[in-house]
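Heads up, this note's numbering is the position in the sequence shown plus 10, with the first residue counted as 1.
Beta carbons are placed, not taken as given, at the ideal position from N, Cα and C, and that holds for glycine.
Structure record follows, encoded as structure tokens.
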Amino acid sequence: MTPTLQTVVIPYTQLKDKDADLSIKIEQGFGPDGLGILSVSDVPGYTLLRQNLLSLAPRLANLPEKVKSELEDPQSRYNFGWSHGKEKLESGKPDLLKGSFYANPILDKPTTEAALIQRYPAYCGSNIWPQSTMPELEIAFKSLGKLILDVGLLVAYHCDKYVSKVTGMPHNEGIEQIVYRSRCHKGRLLYYFPAENSNDSQDSESMSSWCGWHTDHGSLTGLTYAVFTKDGVEIPCPDSTAGLYIKTRTGQIVKVVYKEDEIAYQIGNITEILSSGSLCATPHCVRAPKGEKAAGLERSTFALFMQPDWDEKLDFPEAGQGNVHQENMTIEAI
Numbered sequence: 011m012t013p014t015l016q017t018v019v020i021p022y023t024q025l026k027d028k029d030a031d032l033s034i035k036i037e038q039g040f041g042p043d044g045l046g047i048l049s050v051s052d053v054p055g056y057t058l059l060r061q062n063l064l065s066l067a068p069r070l071a072n073l074p075e076k077v078k079s080e081l082e083d084p085q086s087r088y089n090f091g092w093s094h095g096k097e098k099l100e101s102g103k104p105d106l107l108k109g110s111f112y113a114n115p116i117l118d119k120p121t122t123e124a125a126l127i128q129r130y131p132a133y134c135g136s137n138i139w140p141q142s143t144m145p146e147l148e149i150a151f152k153s154l155g156k157l158i159l160d161v162g163l164l165v166a167y168h169c170d171k172y173v174s175k176v177t178g179m180p181h182n183e184g185i186e187q188i189v190y191r192s193r194c195h196k197g198r199l200l201y202y203f204p205a206e207n208s209n210d211s212q213d214s215e216s217m218s219s220w221c222g223w224h225t226d227h228g229s230l231t232g233l234t235y236a237v238f239t240k241d242g243v244e245i246p247c248p249d250s251t252a253g254l255y256i257k258t259r260t261g262q263i264v265k266v267v268y269k270e271d272e273i274a275y276q277i278g279n280i281t282e283i284l285s286s287g288s289l290c291a292t293p294h295c296v297r298a299p300k301g302e303k304a305a306g307l308e309r310s311t312f313a314l315f316m317q318p319d320w321d322e323k324l325d326f327p328e329a330g331q332g333n334v335h336q337e338n339m340t341i342e343a344i
């Protein structure tokens with residue numbers, strides 16, 4: 011039976027204290043023997059902002075197709091605005107299980123330089139908001155995204171302190187400044203359609219039935235606890251085996267849980283490499299609920315991908331320094 015583990019939790023009051031020594035918790039969560047994830051509890055204002063945004067996901071996904079098509083952005087490879095069926099499942103089939111809405115929660119237009127927009131459309135493109143049909147989406151999306159970024163910067167600060175302690179790298183040249191300088195953070199509001207509405211026959215028994223195995227490529231990813239609804243009413247997930255699964259450094263697969271009022275943070279490949287393996291990214295996937303009670307079940311969640319700016323000069327450690335996953339050496343664009 012797959013074990014279930016609780017994330018390492020850091021209370022916000024401790025996190026915001028820059029004089030606090032959180033190295034033990036950072037190592038437990040993000041270090042070589044950790045799960046590559048930890049969560050932050052008791053963040054002021056978070057519960058309301060989470061509810062405000064996630065409650066909009068079903069409404070957005072059920073807008074008329076014509077309206078949703080106007081929110082699509084093929085030029086950015088659907089990395090801005092609405093996206094449904096544009097990504098592939100592990101089977102190679104189009105992913106019809108979920109719809110996504112992408113936006114930069116900090117900058118509507120990261121740049122006006124046409125050459126940059128053409129070269130890096132997924133990073134430098136402009137946000138597309140449903141101003142006439144759902145004007146409240148922009149406010150809710152930006153509010154939650156900015157809060158997760160602000161808390162993420164505090165997580166990054168303590169990560170830098172830990173890495174400096176372990177490796178001797180300068181504290182002021184780490185993940186915090188990379189994330190702070192970036193103009194291309196990307197928020198993703200996800201909506202998983204009810205099973206009976208999906209045209210995809212993805213095996214519900216598969217551990218990666220909702221989201222395939224992958225390792226985040228950026229610096230740091232912030233995650234909300236998902237909201238499950240049925241017939242418009244919020245309910246607990248009816249299947250205890252559904253949720254987030256992580257593959258540890260030893261190859262063990264575990265289910266990871268955190269509370270609904272906590273923000274989870276996962277390490278990305280870039281941070282693992284830049285920290286010489288002191289902070290570790292881990293492969294993970296999401297398993298869908300199964301069984302009769304899962305029929306008609308909807309899932310809404312949000313992720314913020316904090317990543318380096320398109321022109322950030324990254325100082326990679328020399329080969330052989332540290333303990334970096336070989337599979338992590340290739341960085342893919344969003």
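Assign S93 to buried or exposed, taking buried as 16 or more other Cβ atoms, counted over all protein chains shown, within 10 Å of its Cβ.
On the sequence shown, position 83 is the one that residue 93 refers to. That one is buried.
Tell me, which residues are paired with R193 by DSSP?
Position 183 of the sequence shown, counted from the start, is the residue given in the question as residue 193. Answer is none; R193 lacks a bridge partner.
Rounded to a whole number of angstroms, what is the C-alpha to C-alpha distance between I280 and S286?
Start at 1 with the first residue of the sequence shown, and residue 280 comes out as number 270. Start at 1 with the first residue of the sequence shown, and residue 286 comes out as number 276. Going by the C-alpha atoms only, they are around 10 Å apart.
Going by other Cβ atoms of all chains shown within 10 Å of its Cβ, with 16 needed for buried, is R129 buried or exposed?
In the sequence shown, counting from the first residue as 1, residue 129 sits at position 119. Exposed, since its Cβ has fewer than 16 Cβ neighbours within 10 Å.
Tell whether a beta-carbon distance below 9 Å holds between K26 and A113.
Sequence index remark: in the sequence shown, residue 26 carries index 16 (1-based). Sequence index remark: in the sequence shown, residue 113 carries index 103 (1-based). In this structure, A113 does not lie closer than 9 Å to K26 by Cβ.
Can you tell me which of the three DSSP states P327 falls into?
Along the sequence shown, one-based indexing puts residue 327 at 317. P327 falls in the coil class under three-state DSSP.
So which of P13, T12 and T17 has the shortest CA-CA distance to Y235?
In the sequence shown, residue 235 corresponds to position 225, counting from 1. It is T17 whose Cα lies nearest to the Cα of Y235.
Within 10 angstroms of its Cβ, does N89 collect 16 or more other Cβ (buried), or is it exposed?
Looking up residue 89 in the sequence shown gives position 79. When all chains shown are included, N89 counts as buried.
Measuring alpha carbon to alpha carbon, tell me which residue in V77, E272, I158 and P131 is nearest S86.
Residue 86 sits at position 76 when you count from the first residue of the sequence shown. Among V77, E272, I158 and P131, the Cα nearest to that of S86 is on P131.
The beta strand (DSSP E) that contains F358, what's its start and end?
Nothing can be reported for residue 358: it is not among the residues displayed for the chain, which extend from 11 to 344.
Hey, quick one: how far does the alpha helix (DSSP H) through L163 stretch, first residue to last?
The residue labelled residue 163 in the question sits at position 153 within the sequence shown. Unbroken alpha helix (DSSP H) run through L163: E146 to T177.
I'd like to check one pair, L157 with Y255: are the Cβ atoms closer than 9 Å?
Reading the sequence shown from its first residue, position 245 is the one you call residue 255. Reading the sequence shown from its first residue, position 147 is the one you call residue 157. Cβ atoms of Y255 and L157: not closer than 9 Å.
Is the separation between the beta-carbon of I283 and that of I47 shorter than 9 Å?
Indexing the sequence shown from 1 puts residue 283 at position 273. Indexing the sequence shown from 1 puts residue 47 at position 37. It is not a contact, given that the beta carbons lie outside the stated cut-off.
Tell me whether the beta-carbon of S79 lies closer than 9 Å to the beta-carbon of L199.
Looking up residue 79 in the sequence shown gives position 69. Looking up residue 199 in the sequence shown gives position 189. It is not a contact, given that the beta carbons lie outside the stated cut-off.
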